[in-house]
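A short write-up of the structure that comes next.
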Amino acid sequence: MNFDIQSEDGIEIIVPLVRRLDASVAAVFKQELQSFIQQGKHYILLDFSHIDFIDSSCLGALVSILKTLNGRGELALCSLNNNIQHMFKLTRMDRIFTIGDDRAATLKAMIR
Amino acid sequence: MASVSTTLCLPASLGSLAELSNALYDFVAPFALDSAVVYQVDLASCEAFTNIVKHAVNYDDSQEVIITLTNDGHHLTLTLSDAGMAMPDEIRRELGHAPSLSPDPLVHSSWPEGGMGLILIQSMMDNVRYETENGRNILTLTKRLSSEHS
């Protein structure tokens, strides 16, 4: 899976360069994010600009990453389209993730 | 409008998910449906297909899933049929009940990593029916279309 990665103020901004996050890529997606944490990158902003679809498998992968961090960092999400935002609200995952409208606003809100 | 249908047969593999989605979008293209409606059907079909691969056929990609899409002007109906293991009774009983998740931000153990597929299917679709007939499991998902888009 390809990502665009930038760092800003100790936060890794990770942009998956895929349109769909579904069960066919969930294992790889989770593995890639786990490897960032293993490299010591504990403050992650996942930018959904390129993503127009996510299913429960990849949502579960995100939850798994959040649990791995276990309060030792932060995983925030930004630039979710309306459909994906609706899915997060429906599953109440908006209660456990920091979700921002855009990259700049979310970066500001993240705890360093 | 007259009912319009299409049927496709896909290997029971997660690699078929993209083709399933493409088939759905190709099918609905002439009808100018609300994009949110199509997304919801896309998500429900993805979740349902994934459940078949994982639970009904245990990743056996020699098995096939038969998918039928129908637009009768009032509803978009998707059926997925497989010859794998039937859905357990305790899960069948959950169909038709209002599903919900309640993750507590302070309680990590309440954060689900799996098991959200059926909840999403039931939330996205207006009717979900499951039956087993002549050795085939048939999941029927129905989404009402608004009158201006049907």
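These protein sequence lines are chains A and B, in that order. Our numbering puts the first sequence at residues 1 to 112. Our numbering puts the second sequence at residues 1 to 150. Glycine included, every Cβ here is placed at the ideal spot set by N, Cα and C.
Query, Result
"Between the C-alpha atoms of Gln39/A and Tyr59/B, what's the straight-line distance to the nearest angstrom?", "32 Å"
"What's the call for Asn2/A, buried or exposed, on a 16-neighbour Cβ count within 10 Å?", "exposed"
"Output the distance between the C-alpha atoms of Asp9/A and Met110/A, rounded to the nearest integer angstrom.", "11 Å"
"Flag this pair as yes or no: are the beta carbons of Gln40/B and Met116/B separated by less than 8 Å?", "no"
"Determine, using beta carbons only, whether Ser56/A comes closer than 8 Å to chain B.", "yes"
"At 9 Å on the CB atoms, spell out the chain A contacts of Pro103/B, in chain order.", "Val63, Thr91, Arg92, Met93, Arg95, Ile96"
"If you reduce the DSSP assignment to three classes, tell me which class Gln39/A lands in.", "coil"
"Over what stretch of residues does the beta strand (DSSP E) that includes Asn71/B continue unbroken?", "64-71"
"Check whether the Cβ atoms of Ser24/A and Ser49/A sit closer than 8 Å, and answer yes or no.", "no"
"Under the rule that 16 or more other beta-carbon atoms within 10 Å means buried, what is Val46/B, buried or exposed?", "At residue 46/B the sequence reads Cys, which differs from the Val that was named. Answer is buried; the Cβ neighbour count reaches 16."
"Compare the C-beta of Met87/B against all C-beta atoms of chain A and say whether one is closer than 8 Å.", "no"
"With a threshold of 8 Å between beta-carbons, can Gly73/A be considered close to chain B, or not?", "no"
"Beta carbon of Val128/B, beta carbon of Leu95/B: below 8 Å?", "yes"
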